[in-house]
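Visitor: Just passing along the structure, written as structure tokens.
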Amino acid sequence: APHEWDWRNKGAVTKVKDQGMCGSCWAFSVTGNVEGQWFLKRGALLSLSEQELLDCDTVDKACLGGLPSNAYSAIKTLGGLETEDDYSYHGHLQTCSFSAKKARVYINDSVELTQNELSEAPALAPGLTDSPRASPWSQPPTPSSPLQFYRRGISHPLRPLCSPWFIDHAVLLVGYGNRSDTPFWAIKNSWGSDWGEEGYYYLHRGSGACGVNTMASSAVV
Amino acid sequence: APSSPAARNEAWVSAFPELLGPARYALEMYNHGRAAGTRAALGSVRGRVRRAGRGMVYSLKATLEEPPCNDPTVCQLPVAKKTLLCSFEVLNELGKHVLLRRNCRPVETKVTDDRNETLSSVLPLSNKAPLPQDFSVRMVSIFKEFVTKYNRTYETKEEAQWRMSVFASNVIRAQKIQALDRGTAQYGVTKFSDLTEEEFRTFYLNPLLKEKPGRKMRLAKAVPDP
């Protein structure tokens, strides 16, 4: 794998979205992954609907939270995802109005990535795109403490402030690299571009900070 | 009480919009009989809900802000203690609320709590140093910038004062996180700086991730060579 990689430079990442006052990070994390997988396999970057998951994934709890693994199942069961334009985000639970005719993207399966964080870097790198392991993004949910006040730079919180045992947020890995010899993960958040570095969070890589290496997953297109 | 162990385990959630109605009802009961201008205002609210028969029981923890009071023969609390921490239980059945339990006690403001904690235990370099004399003035100035930048509006003067105290507390929290960070990150004022930690968790985070095991997914295949 190369020493650094960033899928944003390849045009594979949609603009930063804003979940609003709603605990729907799980939906944004999953749609971000599917957007990337679809781009890799089909060459088209489509902004996909989180509201469809809020309304139609009956296993998860919309703004009260959800799990990526359930969301992948829901996408598969429903028959795909509509685009953001066709099924736009409102940030609260509505009646499901999914239309199979409007589905633009589908997935075949989903996989969990290894907990060995060091081996996740190749999973984000190019050249391995035929393998499910080659998922450019995963959903490593991170605990919240430092996130409320994060502004910029590479975050490396003390373990008690960002414990892997208290995971309560889901995000999207889009790249990795080094800044002045400090290794980082580039993480797309869903709190708007007026948070963090244009909506992104940079987290120390290689230390398992914030449980970034747990529960990582990907769709298979 | 829940009808079965299963019922006890399901439906325990935490969601601010759902809690607002019961919280407002509890506040109304708390303020019952008080004249306008002497009523307490609702601060932060967190809580849980469980099913009970045909209704729902809301267990709430709320902070109430008492208006300033200078007459000790009239005031319910000493002037220095204007914040109350209350536990309420509210039953909502067939659209009607009933207050089942109420327990309130005065607490110090969060700014004072955090200042003591900051100076005594977290920032060793400033262990004995008092906060700067112009701390309040500077905080007001920073808060005004925040309100302008993020276009915040607060319904009442009391709410604005409460939000400023939360904001000040958060500035100190951010400094603690900054002092303990081992990377190059900068922490400080963000668009979430007027929210309590409980509000932030309730509005923006996802408690299910640490509570429920997800559907078991198959592991991705290992890469065969470097």
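If you read the protein sequences in the order shown, they are chains U and R.
Our numbering puts the first residue of the first sequence at 1, with every later residue one more than the last.
Our numbering puts the first residue of the second sequence at 1001, with every later residue one more than the last.
For every residue, glycine included, the Cβ atom is placed at its ideal position computed from N, Cα and C.
Quantities reported herein were computed from a predicted structural model and do not represent experimental measurements.
Can you tell which of U:HIS3, U:ARG159, U:ASP181 has its C-alpha closest to the C-alpha of ILE1177 of chain R?
Guide: Ranking U:HIS3, U:ARG159, U:ASP181 by Cα distance to ILE1177 of chain R puts U:ARG159 first.
Visitor: Where does the unbroken beta strand (DSSP E) through ASP109 of chain U begin, and where does it stop?
Guide: Element bounds for ASP109 of chain U: 109-112.
Visitor: Excluding the 5 residues preceding and the 5 following GLU1158 of chain R in the sequence, name in chain order all residues of the same chain whose CB lies nearer than 8 Å to its CB.
Guide: Result list for GLU1158 of chain R: ALA1041, GLU1065, PRO1067, in chain order.
Visitor: Is ALA1023 of chain R closer than 7 Å to ALA1052 of chain R when the C-beta atoms are compared?
Guide: Result no, Cβ atoms of ALA1052 of chain R and ALA1023 of chain R do not sit closer than 7 Å.
Visitor: Near PHE1143 of chain R, which residues of its chain fall below 6 Å by C-beta distance, leaving aside the five closest residues on each side in sequence?
Guide: Contacts found: MET1164, PHE1167.
Visitor: How far does the beta strand (DSSP E) with GLN1106 of chain R in it reach, from first residue to last?
Guide: It is Pro, not Gln, that sits at residue 1106 of chain R in the sequence shown. Start and end: 1096-1107.
Visitor: Evaluate ASP57 of chain U with the Cβ neighbour count: other Cβ atoms within 10 Å of its Cβ, from every protein chain shown; 16 or more gives buried, anything less gives exposed.
Guide: When all chains shown are included, ASP57 of chain U counts as buried.
Visitor: Any Cβ of chain R within less than 7 Å of the Cβ of LEU152 of chain U?
Guide: It is Arg, not Leu, that sits at residue 152 of chain U in the sequence shown. Yes, its Cβ sits closer than 7 Å to a Cβ of chain R.
Visitor: Could you please give me the residues that DSSP links to PHE1088 of chain R through a beta bridge?
Guide: Per DSSP, R:LEU1060, R:ARG1102.
Visitor: Checking contacts by CB at 7 Å: is PRO1207 of chain R closer than that to chain U?
Guide: Closer than 7 Å to some Cβ of chain U, the Cβ of PRO1207 of chain R qualifies, so yes.
Visitor: Is CYS25 of chain U close to chain R, meaning its C-beta is less than 7 Å from at least one C-beta of that chain?
Guide: For CYS25 of chain U, the answer is yes, since a Cβ of chain R falls inside 7 Å of its Cβ.
Visitor: Three or more beta-carbon pairs under 8 Å between the segment 183-201 of chain U and the segment 158-174 of chain U, yes or no?
Guide: The segment 183-201 of chain U vs the segment 158-174 of chain U: in contact.
Visitor: Where does VAL1098 of chain R land, buried or exposed, given buried means 16+ other C-beta within 10 angstroms?
Guide: Exposed: under 16 other Cβ atoms inside 10 Å.
Visitor: Are LEU53 of chain U and LEU93 of chain U close, meaning C-beta to C-beta below 7 Å?
Guide: Contact: no.
Visitor: May I have the straight-line CA-CA distance separating HIS3 of chain U from GLY192 of chain U, to the nearest angstrom?
Guide: Whole-angstrom Cα-Cα distance: 29 Å.
Visitor: For HIS156 of chain U, go through chain R and note every residue whose CB falls closer than 9 Å to its CB, in chain order.
Guide: In chain order: ASP1181, ARG1182, GLY1183, THR1184, ALA1185.
Visitor: Quick check: what's the CA-CA separation for ILE75 of chain U versus ARG1138 of chain R?
Guide: Going by the C-alpha atoms only, they are around 51 Å apart.
Visitor: Counting only beta-carbon atoms, is PHE28 of chain U nearer than 7 Å to chain R?
Guide: For PHE28 of chain U, the answer is no, since every Cβ of chain R falls outside 7 Å of its Cβ.
Visitor: If you count every other CB in all the chains shown that lies within 10 Å of the CB of LYS1096 of chain R, and 16 or more means buried, which is it?
Guide: Classification of LYS1096 of chain R: exposed, given that the 10 Å Cβ count is below 16.
Visitor: Pick out whichever of R:ARG1105, R:PRO1207, R:LYS1082 has its Cα sitting closest to the Cα of PHE1088 of chain R.
Guide: Measuring from the Cα of PHE1088 of chain R, the nearest candidate turns out to be R:ARG1105.
Visitor: Measuring alpha carbon to alpha carbon, tell me which of U:SER99, U:LEU67, U:VAL30 ends up nearest GLU82 of chain U.
Guide: Per the Cα distances, U:SER99.
Visitor: Mind pulling the chain U residues with CB within less than 7 Å of ALA1174 of chain R?
Guide: The contacting residues are PHE149.
Visitor: By the 10 Å Cβ neighbour count, where 16 or more other Cβ atoms means buried, how is ASN33 of chain U classified, buried or exposed?
Guide: Per the 10 Å Cβ criterion, buried.
Visitor: Could you give the DSSP three-state label for GLU1117 of chain R: helix, strand or coil?
Guide: Because the pLDDT at GLU1117 of chain R is just 30, under 50, the model does not fix this residue reliably, and the point stays unresolved.
Visitor: Determine which residues of the segment 72-101 of chain U have a Cβ less than 9 Å from any Cβ of chain R, and write them out in chain order.
Guide: Those residues of the segment 72-101 of chain U that come within reach of chain R (Cβ to Cβ, closer than 9 Å) are TYR72, SER73, HIS92.
Visitor: I need the DSSP call for ASP181 of chain U, collapsed to helix, strand or coil.
Guide: Three-state DSSP puts ASP181 of chain U in coil, outside helix and strand.
Visitor: Please list the partners that ILE1177 of chain R has in chain U, where partner means a Cβ-to-Cβ separation under 8 Å.
Guide: Here the neighbours are SER145, PRO146, PHE149, PRO157, LEU161.
Visitor: Can you give me, in chain order, the residues of the segment 174-189 of chain U that have a beta carbon less than 9 Å from any beta carbon in chain R?
Guide: Hits within the stretch, in order: ARG179, SER180, THR182, PHE184.
Visitor: Are the Cβ atoms of VAL1092 of chain R and MET1056 of chain R separated by less than 7 Å?
Guide: The sequence as given places Asn at residue 1092 of chain R; Val does not occur at that position. Contact: yes.
Visitor: Quick check: is the beta carbon of HIS3 of chain U nearer than 7 Å to any beta carbon in chain R?
Guide: No, its Cβ sits nowhere closer than 7 Å to a Cβ of chain R.
Visitor: With a Cβ-Cβ cutoff of 7 Å, do TRP234 of chain U and GLY175 of chain U count as a contact?
Guide: Here chain U comprises residues numbered 1 to 221, so residue 234 of chain U is not present and cannot be evaluated.
Visitor: From what residue to what residue does the beta strand (DSSP E) around TYR72 of chain U run?
Guide: Where TYR72 of chain U is concerned, there is no enclosing beta strand (DSSP E), although the alpha helix (DSSP H) it sits in stretches over 68-78.
Visitor: Distance, Cα to Cα, LEU1180 of chain R vs CYS162 of chain U?
Guide: Their backbone Cα atoms lie some 11 Å apart in a straight line.
Visitor: Within 10 angstroms of its Cβ, does ASN1206 of chain R collect 16 or more other Cβ (buried), or is it exposed?
Guide: Answer is buried; the Cβ neighbour count reaches 16.
Visitor: Buried or exposed, going by whether 16 or more other CB atoms sit within 10 Å of the CB of GLN19 of chain U?
Guide: With 16 or more other Cβ atoms within 10 Å, it is buried.
Visitor: Under 9 Å between beta-carbons, which chain U residues line up against TYR1154 of chain R? List them in chain order, please.
Guide: The contacting residues do not exist; TYR1154 of chain R stays about 16 Å from chain U at best.
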